[in-house]
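Chemist: Taking the numbering used here, I'd label the letters of the sequence shown as residues 6 to 299. Here it is: the structure, laid out below.
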Amino acid sequence: MMHKAGFVNIIGNPNVGKSTLMNAFIGEKLSIITSKAQTTRHRILGIVNGEDFQVILSDTPGIIKPAYELQESMMDFVKSAFDDADVLIYMVEIGEKELKDEAFFNKITNSKIPVLLLLNKIDTSNQEQLEEQSELWQSKVPNAEFFPISATEGFNVQNVFDRIIELLPESPAFYPKDQLTDKPERFFVNEAIREKILIHYKKEIPYAVEVDTEEFFEEENIIRMRSVIMVERETQKGIIIGHKGSALKRVGVEARKDLEKFFGKQVHLELYVKVNKNWRSNQNQLKRFGYNQR
Ligand SMILES: Nc1nc2c(ncn2[C@@H]2O[C@H](COP(=O)(O)OP(=O)(O)OP(=O)(O)O)[C@@H](O)[C@H]2O)c(=O)[nH]1
Ligand SMILES: [Mg+2]
């Protein structure tokens, strides 16, 4: 029996639905999803295994012009996604006009590997807009195969997946067949907490936050976790905690519910908040949090 395997890397502007698509392929909430841009900060592998295939998907941060070290490192993850791709998924959304970063855009249009151009969120458009946008994007990326999709509604998602399998090279599996991701359990704890922070706090707060899970201890009937929420300034610490700790409590309760679903087990989650001055611009801190590969 022929076995196919390879890397399928999803790139595009912030907030277009890259993580939503990856989760749809996996059938699990592996990547966090919010309505805010820059939700994803890492390159996250999601592996779909079949008897005769292994699709290794990469969810990546949305493409931006980096303004500080953290964002530089986020864009390094995007660059790395070009290096090992067997199939590139370039995702755009209804209403989007362009990819602002010209260098990345040229890489896509000059790509030697197959590119699938996905126009997402078509559930939000009418027929006329859909036709106009389809034409626009096909002419911008003529080397790509085009699919209008809705990642939330599942429209065309299976067809894209079938095409991916066709395009994959013949190869043995790269990872054990029961493996779902490359990230450790603690990573998903950090992300669940960060998602609630993205949802509940305004302006710069979510972007100044990093989460580090210091303890992850699995007992027979419960997993005990302790995580620290890091902010850049003292004032941000107060905002995260909120009046009598109410805001922090909400984050804890909601993250715990998600984590119980994710791990299929009861979870005890302890949260505390710490100031870590300017961690976003500090190479050593970034390395510690798994960002800087430079
Ligand atoms: N209407 C509609 N909304 C969608 C669709 N796909 C994703 N969304 C929404 O778009 C928002 C962003 O989705 P994400 O999956 O987080 O987008 P992303 O590209 O991973 O974003 P970053 O990680 O910030 O780059 C969320 O509110 C999703 O629910 C879709 O097909 N239709
Ligand atoms: Mg994302």
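No residue lacks a Cβ here, since even glycine has one placed at the ideal position from N, Cα and C.
(1) For ligand 1, is there a heavy atom less than 7 Å away from the beta-carbon of Val21?
(2) Taking only the alpha-carbon atoms, compute the straight-line gap between Asn289 and Glu265 and give it to the nearest angstrom.
(3) For Thr45, verify whether its CB is less than 7 Å away from any heavy atom of ligand 2.
(4) On the premise that Leu203 lies in contact with Thr45, defined as a C-beta separation below 8 Å, what is that separation, rounded to the nearest angstrom?
(5) How should His47 be labelled, buried or exposed, when 16 other C-beta atoms within 10 angstroms of its C-beta is the threshold for buried?
(6) Are the region 157 to 177 and the region 139 to 147 touching by the rule of at least three beta carbon pairs closer than 8 Å?
(7) Would you tell me roughly how many angstroms separate the C-alpha atoms of Ile154 and Ala10, rounded to the nearest one?
(8) Hey, would you say Leu253 sits closer than 8 Å to Leu276, going by beta carbons?
(9) Using DSSP with H/G/I as helix, E/B as strand and the rest coil, what is Arg231?
(10) Looking only at DSSP bridge pairs, what is Gln271 linked to?
(11) Work out the CA separation of Val97 and Asp88 for me, nearest whole Å.
(12) Could you tell me whether any non-hydrogen atom of ligand 2 is closer than 7 Å to the CB of Asp64?
(13) Comparing C-alpha positions only, which one of Val53, Gly269 and Glu77 sits nearest to Glu224?
(14) Could you check which residue in Lys207, Tyr212 and Ala197 has the C-alpha nearest to that of Arg231?
(15) Just verifying my parser: in three-state terms, what is the DSSP assignment at Ala42?
(16) Spatial neighbours of Asn281 within its chain, please: CB distance less than 6 Å, with the 5 preceding and 5 following residues excluded, ordered by chain position.
(17) According to DSSP, simplified to helix, strand and coil, what is Asn115?
(18) Could you pull out every residue in the same chain whose Cβ sits closer than 7 Å to the Cβ of Gly247, ignoring the five residues on either side in sequence?
(19) Can you find at least 3 beta carbon pairs, one from the region 96 to 113 and one from the region 12 to 28, that sit closer than 8 Å?
(20) Run the proximity test for Ser36: is its beta-carbon closer than 7 Å to any non-hydrogen atom belonging to ligand 2?
(21) Counting Cβ pairs, one atom from each stretch, are 3 or more of them under 8 Å apart for the region 113 to 124 and the region 76 to 84?
(22) Measure how close the beta-carbons of Leu26 and Ile49 come, nearest whole angstrom, since I'm counting them as under 8 Å.
(23) With the cut-off set at 8 Å, would you say Asp64 and Gly55 are in Cβ contact?
(24) Would you give the residue range spanned by the beta strand (DSSP E) that Ser63 belongs to?
(25) Whose CA, out of Met7, Ile245 and Val258, lies closest to the CA of Pro211?
(26) Sorted by chain position, which residues of the same chain lie with C-beta nearer than 7 Å to Thr129's C-beta, five sequence neighbours on each side aside?
Modeler: A quick look at the data gives this:
(1) The residue given as residue 21 occupies position 16 in the sequence shown. True, at least one ligand heavy atom lies under 7 Å from that Cβ.
(2) Here residue 289 refers to the residue found at position 284 of the sequence shown. Here residue 265 refers to the residue found at position 260 of the sequence shown. When rounded, the separation of the alpha-carbon atoms in Asn289 and Glu265 is 32 Å.
(3) Position 40 of the sequence shown, counted from the start, is the residue given in the question as residue 45. Because some heavy atom of ligand 2 lies under 7 Å away, the Cβ of Thr45 counts as near it: yes.
(4) To locate residue 45, count along the sequence shown from 1; it is residue 40. To locate residue 203, count along the sequence shown from 1; it is residue 198. Between Leu203 and Thr45 the Cβ distance is about 11 Å, and since that is not below 8 Å, they are no contact.
(5) In the sequence shown, counting from the first residue as 1, residue 47 sits at position 42. Its Cβ being crowded by 16 or more others within 10 Å, His47 is buried.
(6) With the cut-off at 8 Å, the region 157 to 177 and the region 139 to 147 do not touch.
(7) Locating residue 154 in the sequence shown gives position 149, where the first residue counts as 1. Locating residue 10 in the sequence shown gives position 5, where the first residue counts as 1. Ile154 and Ala10 have their C-alpha atoms roughly 24 Å apart.
(8) By one-based count along the sequence shown, residue 253 stands at place 248. By one-based count along the sequence shown, residue 276 stands at place 271. Taking 8 Å as the cut-off, the beta carbon of Leu253 is found closer than this to the beta carbon of Leu276.
(9) For the purposes of this step, residue 231 is identified with residue 226 of the sequence shown, where counting begins at 1. Strand, per DSSP.
(10) Start at 1 with the first residue of the sequence shown, and residue 271 comes out as number 266. Secondary-structure assignment with DSSP links Gln271 through a beta bridge to Ile227.
(11) The sequence position of residue 88 within the sequence shown is 83, counting from 1. The sequence position of residue 97 within the sequence shown is 92, counting from 1. Roughly 21 Å separates the two Cα atoms.
(12) Taking the sequence shown and counting its residues from 1, one reaches residue 64 at position 59. Yes, the Cβ of Asp64 comes within 7 Å of a heavy atom of ligand 2.
(13) Counted from its first residue, the sequence shown places residue 224 at position 219. When each option's Cα is compared against that of Glu224, the closest is Gly269.
(14) In the sequence shown, counting from the first residue as 1, residue 231 sits at position 226. Closest in C-alpha terms to Arg231, from the list Lys207, Tyr212 and Ala197, comes Ala197.
(15) Walking along the sequence shown from the start, residue 42 turns up at place 37. If DSSP states are grouped into helix, strand and coil, Ala42 belongs with coil.
(16) The sequence position of residue 281 within the sequence shown is 276, counting from 1. So the qualifying residues of the chain are Met235.
(17) Counting from 1 along the sequence shown, the entry for residue 115 is found at position 110. If DSSP states are grouped into helix, strand and coil, Asn115 belongs with coil.
(18) As a position in the sequence shown, residue 247 is number 242, starting the count at 1. Leu253, listed in sequence order.
(19) Contact between the region 96 to 113 and the region 12 to 28 is present, with at least three C-beta pairs closer than 8 Å.
(20) Counting from one through the sequence shown, the residue named residue 36 turns up at place 31. For ligand 2, at least one heavy atom lies less than 7 Å from the Cβ of Ser36.
(21) Contact fails: fewer than three Cβ-Cβ distances are below 8 Å.
(22) For the purposes of this step, residue 26 is taken as residue 21 along the sequence shown, with counting starting at 1. For the purposes of this step, residue 49 is taken as residue 44 along the sequence shown, with counting starting at 1. Not a contact, Cβ separation roughly 12 Å.
(23) The sequence position of residue 64 within the sequence shown is 59, counting from 1. The sequence position of residue 55 within the sequence shown is 50, counting from 1. No, the Cβ-Cβ distance between Asp64 and Gly55 is not below 8 Å.
(24) Along the sequence shown, read from residue 1 onward, the residue named residue 63 stands at position 58. Per DSSP, Ser63 is one residue of the beta strand (DSSP E) stretching across Phe58 to Asp64.
(25) Sequence index remark: in the sequence shown, residue 211 carries index 206 (1-based). Comparing Cα-Cα distances from Pro211 to each of Met7, Ile245 and Val258, the minimum goes to Ile245.
(26) Locating residue 129 in the sequence shown gives position 124, counting from the first residue. Here the set comprises Ile99.
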